[in-house]
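Numbering (the numbering used here), first residue to last: -10 to 35.
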């Protein structure tokens, strides 16, 4: 059995923080409101 790598990408934009997760042929996308005063908060709560 070959394990597929998981790739996570995050864009902390002005209005929304976007997340994309790639695992093999699967793609998941998530969007949440950004927290401009603390961008890490949106990433951790995403």
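A virtual CB, placed ideally from N, CA and C, is assigned to each residue, including glycine.
Simplified DSSP state of residue i, which is helix, strand or coil
i          : result
residue 78 : Residue 78 lies beyond the range of the chain shown here (-10 to 35); nothing can be said about it.
Alpha carbon of residue i to alpha carbon of residue j, nearest angstrom
i          : j          : result
residue 21 : residue -1 : 11 angstroms
residue 34 : residue 7  : 12 angstroms
residue -9 : residue -3 : 19 angstroms
residue 25 : residue 16 : 26 angstroms
residue 12 : residue -7 : 6 angstroms
Distance CB(residue i)-CB(residue j) smaller than 8 angstroms
i          : j          : result
residue 4  : residue 28 : no
residue 37 : residue 23 : Outside the displayed range of the chain (-10 to 35) lies residue 37, so it cannot be described from this structure.
residue -5 : residue 10 : yes
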